[in-house]
Amino acid sequence: MEKIYSSFEAIQQDLKTQQTTCQLIVKAYLHRIDENKHLNAFLEVFADEALEKAKQIDAKITQNKAGKLAGMVIAIKDNICYKDHKVSASSKILDNFESLFSATVVERLLAEDAIIIGRTNCDEFAMGSSNENSAFGNVLNPIDNSKVPGGSSGGSAVAVKANLCLVALGSDTGGSIRQPASFCDIVGLKPTYGRVSRNGLIAYASSFDQIGPFTNNIADAALVMEVMSGADKMDSTCSAQEVPQYSNHLNDKKTYKITYFNSCIENDGLDAEIKAQFMAFVEELRAAGHTVEATDFPYLDYLVPTYYVLTTAEASSNLARYDGVHFGYRSPNAVDLESTYLKSRSEGFGDEVKRRIMLGTYVLSSGFYDAYYTKAQKVRRILKTKTEEILSDYDFILSPTSPHTPFDLGKQIDDPIKMYLEDIYTVHANLTGLPSISLPLNKHSNGLPYGFQLTAKSFNETALLAFSHQLLQNKN
Amino acid sequence: MAVDKLTVKKIATLAKLEFNEEQAVSIQQDLSRMLDFVNKLNEVDTEDVEPLVYMLNERPTLRKDEPLQEISQQEALKNAPDKDTDFFKVPKVIKR
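Chains A and B, in that order, are what the protein sequence lines are.
Position in the first sequence (from 1) plus 1130 gives the number in this note's numbering.
Position in the second sequence (from 1) plus 41 gives the number in this note's numbering.
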């Protein structure tokens, strides 16, 4: 019986005492991936290559030359580029595309001897909240196979939950890391906008997208963040701020000032049991010495509309590059240049992607630009300013991650607006650029998990991770 | 806000997408519903508010503008759906 690891610390311990090797660890994951194919978490497994890499790292360990992620096996979402490997954003339009370079995050992880085991299924171009928009089929929730895993980084969340790897990378534009983390009962972190380089992340909405980790615990998230974060000359929106050693602060025990929004808790869409549990959790925090107060935030209903105007506008521009000429899918029905564009794009993109390109093109089109796009940018400034004002009085904003537990496959796919409202609690952090984490703290009486979300001040991942560590330790 | 058929056609042309009759009806409905949904933003008073364009509070750092050969011609052509040894190929553009 092969051993299943739920922390990097345990792996390091066993490597140190020669209880295991990187090769054995990789073999165990490959075996589990094989046994769990029905979950459809991986689009491709880099089996031979991962084993070869493991062999090299085992040799380095013997020589005491291994990097600080030696023994960590990582899966990457299929919108993160890895040199000479396929990457498709789960879209037919990137059929057979192989990246010419590696994302900065991939380079940094590899430089510390992480092993990349494969690329994971997701919603097409990261557009979706249930992983039902992938051109390569649905991903199943390992806790209950009739439920969605959440999205858009569904495959990455499932890979960690089902122990198909230790850590997985996702990307979060409006909740695409935190919501699947909540649905799959693991940790999911969206860093501050600009903390992690976006170089090599296939763009959906450039002023929202951030890469972040899925993990079983906070220590692993902290370590991966230390390696991935920091200035990158290939991404001018990546901050020059120094990267703290998050791991060294995890045991900082402090009492914090926390707020929650009345409008979030009084929201009609929120499951009654989650609401009751949330209020009980607030009492627990108070009993533990933290200050928890309610705040009025009258903008909740404007978050998702602002998000959809701006992200679809950015997407319509970012996705203009898929032209059927330079790379990816070309329609066999193309007879001239115009039909090369029209048919390749119309056949290559899925319905949700086309829907969003259409809305984005509409809000950017002449005559509507100011009424929609500029208007939404102005509302975004109000949201950012008001949220920063609140965070000048408090350390964290607390909320449920999602208004309910994982829903049935096929249940919401026909109603785009209903699907968009899935993100009501998560889009806030992307609109304001703030770091935000979903913590696996709860189980519903229906047997399914759900998370609570903490959002911190800009670039304060240190406090966010320290407090999260404290909360998860108290839970265990 | 109801979007008419002609607008759907115009936007599709701008987006370089095409839809058949049935799809056009469905996208027309979706677009109308999505616009109703985002029209909620008109309730927010944004008088004298500057649009938010850059997310970082710090100045973006620019790297030096230096010419670099990062990929070869062969690499650039590697993922092309149709090509010869030197060029991307597209279907014939000029009709005889």
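Quick reminder that beta carbons are idealized off the backbone N, C-alpha and C, glycines included.
Separation of residue j from residue i, as counted between CA atoms
i	j	result
Phe1479/A	Glu116/B	25 Å
Ile1206/A	Ile1245/A	11 Å
Ala1158/A	Glu1179/A	15 Å
Ile1554/A	Ile1141/A	37 Å
Glu91/B	Arg1510/A	10 Å
Glu59/B	Leu1472/A	6 Å
Asp45/B	Asn1268/A	34 Å
Phe1255/A	Leu97/B	24 Å
Gly1260/A	Asn120/B	For clarity, residue 1260/A is Ser in the given sequence; the question names Gly instead. In a straight line, the C-alpha of Ser1260/A is about 30 Å away from that of Asn120/B.
Asp1164/A	Glu62/B	44 Å
Ile1404/A	Glu1552/A	15 Å
Asp1538/A	Val1235/A	34 Å
Gln1371/A	Ala1196/A	27 Å
Leu1489/A	Asn80/B	13 Å
Glu1182/A	Ile1247/A	11 Å
Pro1536/A	Leu1270/A	11 Å
Ala53/B	Leu1564/A	35 Å
Ala1351/A	Leu55/B	42 Å
Val1465/A	Val131/B	9 Å
Phe1138/A	Gly1201/A	8 Å
His1215/A	Tyr1390/A	43 Å
For residue i, the first and last residue of its enclosing alpha helix (DSSP H)
i	result
Gly1458/A	Here Gly1458/A belongs to no alpha helix (DSSP H), and DSSP marks it neither H nor E.
Lys1448/A	Note that residue 1448/A is Asn in the sequence shown here, rather than Lys. Start and end: Leu1430 to Asn1448.
Ser67/B	Glu62 to Val79
Ser1522/A	Lys1505 to Asp1523
Lys1387/A	Here Lys1387/A belongs to no alpha helix (DSSP H); instead the beta strand (DSSP E) covers Lys1387 to Phe1391.
Gly1490/A	Asp1481 to Leu1494
Thr1421/A	Counting along the chain, Thr1421/A falls outside any alpha helix (DSSP H), though it belongs to the beta strand (DSSP E) covering Thr1421 to Thr1425.
Ile1273/A	No alpha helix (DSSP H) holds Ile1273/A; DSSP gives it neither H nor E.
Val1412/A	Ala1402 to Ala1417
Asp1178/A	Ala1177 to Thr1192
Gly1280/A	Taken as a continuous stretch (DSSP letters only), Gly1280/A belongs to no alpha helix (DSSP H), as it is neither H nor E.
Phe1597/A	Glu1591 to Lys1605
Pro1374/A	Neither: Pro1374/A is in no alpha helix (DSSP H) and is coded neither H nor E.
Gln1143/A	Phe1138 to Lys1146
Own chain, CB closer than 7 Å to residue i, minus 5 neighbours either side, in chain order
i	result
Leu1331/A	Asn1209, Ile1210, Ala1233, Ser1301, Asp1339 and Ile1341
Val49/B	Ala65, Ile68, Gln69 and Leu72
Lys1573/A	Pro1579
Arg1238/A	Val1357 and Met1358
Lys1185/A	Gln1153
Lys1605/A	Leu1571
Thr1562/A	Leu1513, Lys1514 and Thr1517
Phe1457/A	Phe1227
Glu84/B	none
Thr1592/A	Pro1374, Tyr1376 and His1379
Ser1588/A	Thr1322, Gly1563 and Leu1564
Residues near residue i in its chain [Cβ-Cβ closer than 6 Å; skip 5 each side]
i	result
Ser1568/A	Arg1308, Ala1311, Ser1312, Gly1318, Thr1531, Gly1581 and Gln1583
Ala1335/A	Thr1303, Thr1441, Glu1444 and Ala1445
Ser1283/A	Lys1207, Cys1252, Gly1300, Ser1306, Ile1307 and Pro1310
Thr1094/A	There is no way to answer for residue 1094/A, as the model of chain A reaches only from 1131 to 1606.
Cross-chain neighbours of residue i in chain C, by beta carbon under 8 Å
i	result
Pro132/B	In the displayed structure, chain C is absent; the protein chains listed are A and B.
Beta-carbon contacts of residue i that lie in its chain and below 8 Å, excluding the five residues immediately before and after
i	result
Val1217/A	Asp1208, Asn1209, Ile1210, Cys1211, Leu1224, Phe1227, Glu1228, Ser1229, Arg1249 and Ile1332
Glu1482/A	Asp1253, Glu1254, Met1257, Gly1258, Asn1263 and Pro1546
Where the beta strand (DSSP E) containing residue i begins and where it ends
i	result
Arg1610/A	Here chain A has residues from 1131 to 1606 only, and residue 1610/A is not among them.
Pro108/B	Pro108/B -> no beta strand (DSSP E), and no H or E assigned at all.
Asp1302/A	Val1297 to Asp1302
Gly1581/A	Pro1579 to Ala1586
Any non-hydrogen atom of the ligand MN within 8 Å of residue i CB
i	result
Val1290/A	No copy of the ligand MN appears in this structure; indeed no ligand is present at all.
Exercise. Taking only beta carbons into account, state which residues of the region 1255 to 1285 of chain A come closer than 7 Å to chain B, listed in chain order.
Key: none
Practice problem: Taking only beta carbons into account, state which residues of the region 71 to 102 of chain B come closer than 7 Å to chain A, listed in chain order. | Solution: Asp71, Leu72, Arg74, Met75, Phe78, Val79, Lys81, Leu82, Val85, Thr87, Val90, Glu91, Pro92, Leu93, Val94, Met96, Leu97, Glu99, Pro101 and Thr102
Quiz item: Can you list, in chain order, the residues of the region 1522 to 1550 of chain A whose Cβ is nearer than 7 Å to any Cβ on chain B?
Solution: Taken in chain order, the members of the region 1522 to 1550 of chain A whose beta-carbon sits within less than 7 Å of a beta-carbon on chain B are Pro1546 and Ile1547.
Quiz prompt | Where the region 1465 to 1479 of chain A meets chain B: residues whose CB sits under 9 Å from a CB there | solution = Cβ contacts with chain B come from Val1465, Asp1466, Leu1467, Glu1468, Ser1469, Thr1470, Tyr1471, Leu1472, Lys1473, Ser1474, Arg1475, Ser1476 and Phe1479.
Quiz item: Using 8 Å as the threshold, is the region 1153 to 1173 of chain A in touch with the region 1280 to 1298 of chain A, meaning 3 or more CB pairs across them?
Solution: yes
Quiz item: At a Cβ cut of 8 Å, what residues of the region 53 to 68 of chain B count as close to chain A, listed as they run along the chain?
Solution: Ala53, Leu55, Ala56, Lys57, Leu58, Glu59, Phe60 and Ile68
Quiz prompt | Against chain B: residues of the region 1340 to 1367 of chain A by CB proximity under 9 Å | solution = Ala1361, Lys1363, Met1364, Ser1366 and Thr1367
Practice problem: Please determine if the region 1395 to 1406 of chain A and the region 1355 to 1362 of chain A are in contact, where contact requires at least 3 C-beta pairs separated by less than 8 Å. | Solution: The answer is no - the region 1355 to 1362 of chain A does not touch the region 1395 to 1406 of chain A, with fewer than three Cβ pairs under 8 Å.
Self-check item: Any 3 or more C-beta pairs closer than 8 Å across the region 1436 to 1451 of chain A and the region 1557 to 1568 of chain A
Solution: With the cut-off at 8 Å, the region 1436 to 1451 of chain A and the region 1557 to 1568 of chain A touch.
Self-check item: chain B contacts from the region 1495 to 1520 of chain A (Cβ-Cβ distance under 8 Å)
Solution: Those residues of the region 1495 to 1520 of chain A that come within reach of chain B (Cβ to Cβ, closer than 8 Å) are Ser1495, Tyr1502, Thr1504, Lys1505, Ala1506, Gln1507, Lys1508, Val1509, Arg1510, Arg1511, Ile1512 and Lys1514.
Practice problem: Output, in sequence order along the chain, the residues in the region 1423 to 1457 of chain A whose CB is closer than 7 Å to any CB in chain B. | Solution: Asp1431, Tyr1432, Pro1435, Thr1436, Tyr1438, Val1439, Ser1446, Gly1454, Val1455, His1456 and Phe1457
Quiz item: Can at least three beta-carbon pairs, one atom from the region 1409 to 1427 of chain A and one from the region 1458 to 1469 of chain A, be found at a separation below 8 Å?
Solution: They do not touch, by the three-pair rule.
Practice problem: Compile a chain-ordered list of the residues in the region 1288 to 1320 of chain A whose CB is closer than 8 Å to at least one CB of chain B. | Solution: none
Quiz item: Are at least three pairs of beta-carbons, each pair with one atom in the region 1447 to 1457 of chain A and one in the region 1406 to 1417 of chain A, less than 8 Å apart?
Solution: Segment contact: the region 1447 to 1457 of chain A against the region 1406 to 1417 of chain A, fewer than three CB-CB distances shorter than 8 Å; contact not assigned.
Quiz item: Mind listing which residues of the region 1222 to 1252 of chain A have their C-beta closer than 7 Å to chain B's C-betas, in chain order?
Solution: Phe1227, Glu1228 and Leu1230
Quiz prompt | Contact list for the region 1571 to 1590 of chain A against chain B, Cβ threshold 8 Å | solution = Ser1588
Quiz item: Between the region 42 to 53 of chain B and chain A, which residues of the former have a C-beta closer than 9 Å to a C-beta of the latter?
Solution: Val44, Thr48, Val49, Lys51, Ile52 and Ala53
Quiz item: Going along the region 1367 to 1383 of chain A in order, which residues come within less than 8 Å of chain B, judged by CB to CB distance?
Solution: Thr1367, Ser1369, Ala1370 and Gln1371
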